[in-house]
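Report on the structure given below.
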Amino acid sequence: MHIVITPFEPLQADAKTTRVQAEVPIYLGPPSVEVRIVPAVPSPPEAYNVRRRQWDAARLIRWIVDHHRDRTALNVALHPGDLYVPGFNFVFGLAEPACETCIIGLARLQSSDPERWHHRVLTEVLHEIGHLMGLEHCATPSCVMFFSNTIRETDAKGPAFCPKCQHLVRAYRQGRPPSRRP
Ligand SMILES: [Zn+2]
Ligand SMILES: [Zn+2]
Numbered sequence: 002m003h004i005v006i007t008p009f010e011p012l013q014a015d016a017k018t019t020r021v022q023a024e025v026p027i028y029l030g031p032p033s034v035e036v037r038i039v040p041a042v043p044s045p046p047e048a049y050n051v052r053r054r055q056w057d058a059a060r061l062i063r064w065i066v067d068h069h070r071d072r073t074a075l076n077v078a079l080h081p082g083d084l085y086v087p088g089f090n091f092v093f094g095l096a097e098p099a100c101e102t103c104i105i106g107l108a109r110l111q112s113s114d115p116e117r118w119h120h121r122v123l124t125e126v127l128h129e130i131g132h133l134m135g136l137e138h139c140a141t142p143s144c145v146m147f148f149s150n151t152i153r154e155t156d157a158k159g160p161a162f163c164p165k166c167q168h169l170v171r172a173y174r175q176g177r178p179p180s181r182r183p
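To convert a position in the sequence shown, counted from 1, into this note's numbering, add 1.
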């Protein structure tokens with residue numbers, strides 16, 4: 002299993018995103034997962050909702066799947082904006098397990114404290130990767146798979162899976178055939 006991180010412009014592979022890249026594997030257990038950051042892509046303008054001033058998370062995922070998906074990997078898109086799905090005021094992220102693609106919006110994770118920013122982004126990235134591995138929301142508030150409605154709940158949990166969810170991650174990783182490159 003490996004993971005591809007696709008930043009939307011103007012995000013890029015910089016000190017902040019490469020730190021996320023480096024730390025994601027720590028939480029997914031052995032054998033170590035390879036995480037790559039690919040060059041940034043532009044946002045499709047049609048995914049922007051002018052009235053809401055937000056980005057349609059499902060459309061962004063669809064666009065990644067159609068144009069940039071690595072079919073041998075779990076695909077994680079990082080978007081600088083504020084994301085929504087119809088029926089919700091906002092979402093921190095969204096995952097489409099059937100397409101092995103997820104997205105995280107960074108606008109609501111901002112912090113003047115770089116450590117807090119890192120903690121939030123790493124937590125939301127691992128939450129969505131958890132969904133790509135088939136995990137559902139978890140009732141344990143400290144578990145990364147706990148559903149956070151507010152940034153405070155994101156801050157209160159962290160990037161680590163609880164023992165029950167760790168077990169599911171292991172099962173997913175053992176059941177999945179090794180990825181092949183074309
Ligand atoms: Zn979730
Ligand atoms: Zn859990």
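The beta carbon of each residue, even a glycine, is placed where N, CA and C say it ideally should be.
Q. If H132 and C103 are in contact, beta carbons under 8 Å, what's the gap, nearest whole angstrom?
A. Between C103 and H132 the Cβ distance is about 6 Å, and since that is below 8 Å, they are a contact.
Q: Would you tell me roughly how many angstroms separate the C-alpha atoms of F9 and A78, rounded to the nearest one?
A: If I take the Cα positions, the gap works out to 7 Å.
Q: Identify whether P164 lies in helix, strand or coil by the three-state DSSP scheme.
A: Three-state DSSP puts P164 in a helix.
Q) What's the C-alpha gap between H3 and Y173? A) Here the alpha carbon of H3 sits roughly 13 Å from the alpha carbon of Y173.
Q. If we count Cβ pairs, one from each stretch, closer than 8 Å, do we get three or more for the stretch 56–70 versus the stretch 93–109?
A. In short, these stretches touch, since the Cβ pair count reaches three.
Q) So, does the CB of V39 fall closer than 7 Å to a CB anywhere in chain E? A) Checking the listed chains, one finds no chain E in this structure; it contains a single protein chain.
(Q) Excluding the 5 residues flanking R182 on each side, which residues of the same chain have their C-beta closer than 7 Å to its C-beta? (A) Note that R182 scores a pLDDT of 43, beneath 50, so its modelled location is shaky and nothing firm can be said.
Q. Quick one: is the Cβ of K165 within less than 6 Å of any heavy atom of ligand 2?
A. Yes.
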